[in-house]
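To start, the structure under review is shown below, and the notes come after it.
Protein chains in written order, with this note's numbering: chain U, 711 to 1046; chain G, 14 to 473.
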């Protein structure tokens, strides 16, 4: 009986002391120690439940780390940017996804949720600070963005609420439907002013301004025909490859508010301070500038609920996204 | 039920008797369940907050619950109470040992449990207290873990203050309904011959001897007539010098017709259990999402409204409707029994009906969510482990189209059993069979009305 009692006491000790030590010790001590890389556990929760925890991690340049994300409440999507091309996809509650990555350049990166998870979804971000071990006090800052700098120099109020700054387009009703494809077939018949032929000019001007120039150069043409031609010019630089990437970015990061087809009617449209822009509204987009759309995307819309994406998208990705926005309004060239 | 309709399992299976006489027969499974319990608490406290991926939620509220309500209680009565880990630390502290029979007095202040609390009322209110928070407790691992830990600590505290297992007998909110439904089980621990006990003066089963402890459940086995009082710990089997204790197989539900033993606290346990099964079916299985939100404590005022309604339904509305049925039955019967007596006695018809309702309700979520257990087994904390290669098993509802029919298939026998119990009670309180047939009608009507509500919920 004494032997049985001793065995029982040992079993009890294993349960009450051994089990906690084994499980917690393995997870928090042994597992990280055995891992070939440093493992950083990050809990992913909706911002109302604490957001990413930790919201900031420190990494040295050249260090290979494993970032392990745990979705703790609802389904999240985790991506890391800018420029890393890391998208872990959707993580269901209680599931884990991880990525092992080596940060070769010092700087600030952002891990963010790209699946609509709550009203505060856009605030669900965390920061990876990558520092040079030889110079750990310095965290390289992002150089000024020339496009945004140019807008500021020009005196454009990037933070203006869109509805206030867009002037109505003469001759185009509110429900106008434009066709870049049809416009493309008209371009050879029209006299195209030199400015309109330059992508850089189009990027910094509105289609409405383009329409004015086109109308001056082509008297007698119907305004609807010339509007289609302008639409064709504004989608002319869109490449199939960048468009595919941009669509993916749009669907994961923008569609929740702006709608899958750009109608401004995404499932989260009601949660923003200002109604999301309907990119599919051709009349509205006729008064928009590409560089301002770019700046809004990167900086966010102050007071509107539009988050900044400059910390998660590269400039190239943002430009591709702007190209895609024009196709939402005007359709892609060569498409019905 | 006559003794002839019982099968003495220990006489028929000597090996079973030898097993039960071993002092290790209770502590070993208790240690096993304690290991699961400890893992559940650890996972709850440290694991993922996502309930569907946390061992503490899945293995307590789905796996354990399924075992308990679908198998253990209907077939073995209080067998779970014999191996439950919650009172184990307190009991082992009292005894200063786990397996061996230690000498000397138990390590406890040995206070007597207050007479006015020697009933099920604490268990009734404790169960209701947990029930109104159940959508939170059952889905949030940390809350669940603290509740489980709290029960253990309460068990330890009561063991150190009071005699023996007063926690299990008078406090444990789970033990209350297990006891009620154990009266249905086809298994019982009883004395072979009460006369042997009556003539035996030392009453070792109460006082204990070198082979075992006096009954931890504070009963005298010689007078044991219902499973509700017995925790199946088998200490009396070990201590009885006259070999007068045994385990019987018996007709299910024998205890329900144990005459003149109906009690109001037990009647209310029946109402509360049936009411909770009904309300859970409405809240968790019904299509009313707003009600789920109210129950889920999303907004305190709405939850308070829900809790108030929950309590009112269980404590006043359902018993009130049953009282109405009993009052009509009273008018239709001989009048030799008081209305209160009829109300209490007829309420035992709710025991088979309530258990059937719980089984049916449990089938609904166990079959739908049971597959989570495979993933959780490999990754109990939701930390990305894969101990047995099953962490990636996807959620797979089992036979979702079949569930409503299974539920109906379980509920209807429960209804028939309940009607039969009601008839037996009516016969006891009536002078003639036709009178009994009339007297049972109101309670039968009550049962049918509740059945219709369940069927509406199951079948949509």
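The beta carbon of each residue, even a glycine, is placed where N, CA and C say it ideally should be.
Per DSSP, cross-strand counterpart(s) of residue i
{"i": "residue 1016 (chain U)", "result": "U:1011"}
{"i": "residue 222 (chain G)", "result": "G:225"}
{"i": "residue 779 (chain U)", "result": "U:752 and U:807"}
{"i": "residue 835 (chain U)", "result": "U:822"}
{"i": "residue 766 (chain U)", "result": "U:837"}
{"i": "residue 124 (chain G)", "result": "G:175"}
{"i": "residue 21 (chain G)", "result": "G:261"}
{"i": "residue 812 (chain U)", "result": "U:774"}
{"i": "residue 817 (chain U)", "result": "U:840"}
Residue environment, residue i, which counts as buried when at least 16 other CB atoms sit within 10 Å
{"i": "residue 284 (chain G)", "result": "buried"}
{"i": "residue 909 (chain U)", "result": "exposed"}
{"i": "residue 859 (chain U)", "result": "exposed"}
{"i": "residue 1046 (chain U)", "result": "Here residue 1046 (chain U) scores only 40 on pLDDT, less than 50, and its place in the model is too uncertain to base an answer on."}
{"i": "residue 236 (chain G)", "result": "exposed"}
{"i": "residue 777 (chain U)", "result": "buried"}
{"i": "residue 496 (chain G)", "result": "The shown model of chain G, from 14 to 473, leaves out residue 496 (chain G), and the question about it has no answer."}
{"i": "residue 820 (chain U)", "result": "buried"}
{"i": "residue 712 (chain U)", "result": "exposed"}
{"i": "residue 349 (chain G)", "result": "exposed"}
{"i": "residue 351 (chain G)", "result": "exposed"}
{"i": "residue 261 (chain G)", "result": "buried"}
{"i": "residue 140 (chain G)", "result": "buried"}
{"i": "residue 864 (chain U)", "result": "exposed"}
Residue i to residue j span [Cα, whole Å]
{"i": "residue 801 (chain U)", "j": "residue 751 (chain U)", "result": "14 Å"}
{"i": "residue 271 (chain G)", "j": "residue 203 (chain G)", "result": "14 Å"}
{"i": "residue 825 (chain U)", "j": "residue 962 (chain U)", "result": "6 Å"}
{"i": "residue 779 (chain U)", "j": "residue 987 (chain U)", "result": "32 Å"}
{"i": "residue 144 (chain G)", "j": "residue 774 (chain U)", "result": "49 Å"}
{"i": "residue 464 (chain G)", "j": "residue 165 (chain G)", "result": "37 Å"}
{"i": "residue 306 (chain G)", "j": "residue 718 (chain U)", "result": "46 Å"}
{"i": "residue 7 (chain G)", "j": "residue 119 (chain G)", "result": "This structure gives no information on residue 7 (chain G), because the portion of chain G shown stretches from 14 to 473."}
{"i": "residue 76 (chain G)", "j": "residue 49 (chain G)", "result": "11 Å"}
{"i": "residue 108 (chain G)", "j": "residue 803 (chain U)", "result": "44 Å"}
{"i": "residue 839 (chain U)", "j": "residue 975 (chain U)", "result": "36 Å"}
{"i": "residue 27 (chain G)", "j": "residue 221 (chain G)", "result": "23 Å"}
{"i": "residue 319 (chain G)", "j": "residue 455 (chain G)", "result": "29 Å"}
{"i": "residue 888 (chain U)", "j": "residue 1037 (chain U)", "result": "10 Å"}
{"i": "residue 364 (chain G)", "j": "residue 264 (chain G)", "result": "15 Å"}
{"i": "residue 430 (chain G)", "j": "residue 131 (chain G)", "result": "29 Å"}
{"i": "residue 207 (chain G)", "j": "residue 339 (chain G)", "result": "35 Å"}
{"i": "residue 412 (chain G)", "j": "residue 380 (chain G)", "result": "7 Å"}
{"i": "residue 978 (chain U)", "j": "residue 960 (chain U)", "result": "14 Å"}
Range of the contiguous alpha helix (DSSP H) that encloses residue i
{"i": "residue 259 (chain G)", "result": "No alpha helix (DSSP H) contains residue 259 (chain G), which is instead part of the beta strand (DSSP E) from 258-262."}
{"i": "residue 108 (chain G)", "result": "101-108"}
{"i": "residue 790 (chain U)", "result": "Looking at the DSSP string, residue 790 (chain U) is not in any alpha helix (DSSP H); the run it does join, the beta strand (DSSP E), is 786-791."}
{"i": "residue 45 (chain G)", "result": "40-59"}
{"i": "residue 382 (chain G)", "result": "363-382"}
{"i": "residue 195 (chain G)", "result": "186-195"}
{"i": "residue 425 (chain G)", "result": "416-441"}
{"i": "residue 463 (chain G)", "result": "454-472"}
{"i": "residue 7 (chain G)", "result": "With chain G represented from 14 up to 473, any question about residue 7 (chain G) goes unanswered, as that position is not in the structure."}
{"i": "residue 281 (chain G)", "result": "277-293"}
{"i": "residue 208 (chain G)", "result": "207-212"}
{"i": "residue 86 (chain G)", "result": "86-89"}
{"i": "residue 960 (chain U)", "result": "950-963"}
{"i": "residue 1032 (chain U)", "result": "1025-1040"}
Span of the beta strand (DSSP E) around residue i
{"i": "residue 145 (chain G)", "result": "That residue, residue 145 (chain G), is in no beta strand (DSSP E); it is neither H nor E in DSSP."}
{"i": "residue 800 (chain U)", "result": "796-801"}
{"i": "residue 203 (chain G)", "result": "200-204"}
Rounded distance between the beta-carbons of residue j and residue i, thought under 8 Å
{"i": "residue 71 (chain G)", "j": "residue 293 (chain G)", "result": "With a Cβ gap of about 18 Å, residue 71 (chain G) and residue 293 (chain G) do not count as contacting."}
{"i": "residue 764 (chain U)", "j": "residue 817 (chain U)", "result": "In fact, because the Cβ distance is near 18 Å, the residues do not count as touching under 8 Å."}
{"i": "residue 295 (chain G)", "j": "residue 470 (chain G)", "result": "6 Å"}
{"i": "residue 88 (chain G)", "j": "residue 198 (chain G)", "result": "6 Å"}
{"i": "residue 82 (chain G)", "j": "residue 360 (chain G)", "result": "About 20 Å separates the two Cβ atoms, so there is no contact after all."}
{"i": "residue 91 (chain G)", "j": "residue 172 (chain G)", "result": "Contact doesn't hold; Cβ gap of about 18 Å is too wide."}
{"i": "residue 924 (chain U)", "j": "residue 939 (chain U)", "result": "6 Å"}
{"i": "residue 133 (chain G)", "j": "residue 64 (chain G)", "result": "The Cβ separation is near 30 Å, so there is no contact."}
{"i": "residue 371 (chain G)", "j": "residue 286 (chain G)", "result": "7 Å"}
{"i": "residue 39 (chain G)", "j": "residue 99 (chain G)", "result": "Going by Cβ atoms, the distance from residue 39 (chain G) to residue 99 (chain G) rounds to 14 Å, so no, they are not a contact pair."}
Closer than 7 Å: residue i CB and nearest the ligand SAM heavy atom
{"i": "residue 1018 (chain U)", "result": "The model on display carries no ligand, and the ligand SAM is accordingly not part of it."}
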